[in-house]
Each structure stands twice: as structure tokens, then as C-alpha cells.
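In this note's numbering, the protein residues as written are 907 to 1034. Remarks on the structure that follows.
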């Protein structure tokens, strides 16, 4: 797997998320995916994403920074969105907020097998 191939694959994954193309998610994520140390599987991963889009109807993943070093990808994602209620335990309640997520992925067999994610909650708190 080359850096370019992995970068292209990751960008296709993000496009899949932004289209909310849930049936295609399995092309990018392994059946036994692990998220922040917990094995949630593809179905749990999909449920997590569907919940995020339900709670944040205008959610859009914008790649601000992408580093590919096979089998890993590091990405800084930017979000400008309007969560409808409580988000990360914060009473956002329909206010527009901007924040970033730093996320690392490990790929195996051209699919995401592990994800480590940290959202900048302090940035949201500062806006409320």
C-alpha cells in the first residue's frame, strides 16, 4: 500500500460519510473495527455515525490536514455545524459551533481496522 493509495482511499471514505452512503461503509471499514480501544464492529461504527448525523443534521467532515504513512492515516477534521441538543455533554441546543477532531486510523487489507479519535471539546466550550 502506497501513501498515495492510502490517501485516496481515506478521501473516498470521507466522501462516503458526507454522502451518508451507509451501505458502502463496509468497503472502507472492517467488520471487527475498534474505536478508541473498544471493539464495536462495523454495525456499531455505522450506528455511531448515524447517531452523529441524526444529532447534527448539517454534519460535514472537512479534511483540514491529512498525513498518510502506511498502514496509518492521521487526519485533522474541521466541523462547522449545528448540533440540535446536547453534544459531548454540552448544551449546544441548535447553536452553530466550530471545532476540530484529531483522528488516527490503522488500515489492514485496504480497510479501517482501528480508529483513535479526540474531539476538541474546549473549542466548543469557549463558544457557548
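Even glycine gets a Cβ: it sits at the ideal position worked out from N, Cα and C.
Inset, instruction - List the whole-angstrom C-beta distance separating residue 1006 from residue 1029, where the pair is believed to meet the contact cut-off of C-beta under 8 Å. - result: As a working note, residue 1006 is residue 100 in the chain shown. As a working note, residue 1029 is residue 123 in the chain shown. Correct: roughly 7 Å between the Cβ atoms.
Legend entry - For residue 1027, the first and last residue of its enclosing alpha helix (DSSP H): One-based indexing of the chain shown puts residue 1027 at position 121. Unbroken alpha helix (DSSP H) run through residue 1027: 1027–1033.
Legend entry - residue 993, DSSP secondary structure in three states: Within the chain shown, residue 993 is the residue found at index 87, counting from 1. Strand at residue 993.
Inset, instruction - Could you please give the first and the last residue of the uninterrupted beta strand (DSSP E) stretch that includes residue 908? - result: As a working note, residue 908 is residue 2 in the chain shown. Residue 908 -> no beta strand (DSSP E), and no H or E assigned at all.
Legend entry - C-alpha gap between residue 1034 and residue 995, whole angstroms: The residue labelled residue 1034 in the question sits at position 128 within the chain shown. The residue labelled residue 995 in the question sits at position 89 within the chain shown. In a straight line, the C-alpha of residue 1034 is about 12 Å away from that of residue 995.
Inset, instruction - Quick one: give me the first and last residue of the alpha helix (DSSP H) that residue 948 is part of. - result: Within the chain shown, residue 948 is the residue found at index 42, counting from 1. Counting along the chain, the alpha helix (DSSP H) containing residue 948 begins and ends at 947–961.
Legend entry - Local conformation of residue 982 per DSSP, three classes: Against the chain shown, residue 982 aligns to sequence position 76. Reduced to three states, the DSSP call for residue 982 is strand.
Inset, instruction - Tell me, please, which residues DSSP counts as bridged to residue 1007. - result: As a first step, residue 1007 is located in the chain shown; it is residue number 101 there, counting from the start. Paired residue(s): 983 and 1025.
Legend entry - Residues of its chain near residue 961, where Cβ-Cβ distance is below 8 Å and the 5 sequence neighbours each way are ignored: Position 55 of the chain shown, counting from 1, holds the residue named residue 961. Counting only Cβ-Cβ distances below 8 Å, and skipping sequence neighbours, we find 989, 990, 991 and 993.
Legend entry - Cross-strand partners of residue 918 (DSSP beta bridge): Stepping through the chain shown from its first residue, residue 918 is reached at position 12. DSSP lists no partner for residue 918.
Legend entry - Segment contact flag, the stretch 944–954 with the stretch 971–984, C-beta cutoff 8 Å, min 3 pairs: no
Inset, instruction - Out of 964, 1015 and 1018, state which residue places its alpha-carbon closest to the alpha-carbon of residue 1004. - result: Along the chain shown, one-based indexing puts residue 1004 at 98. Comparing Cα positions, the closest option is 964.
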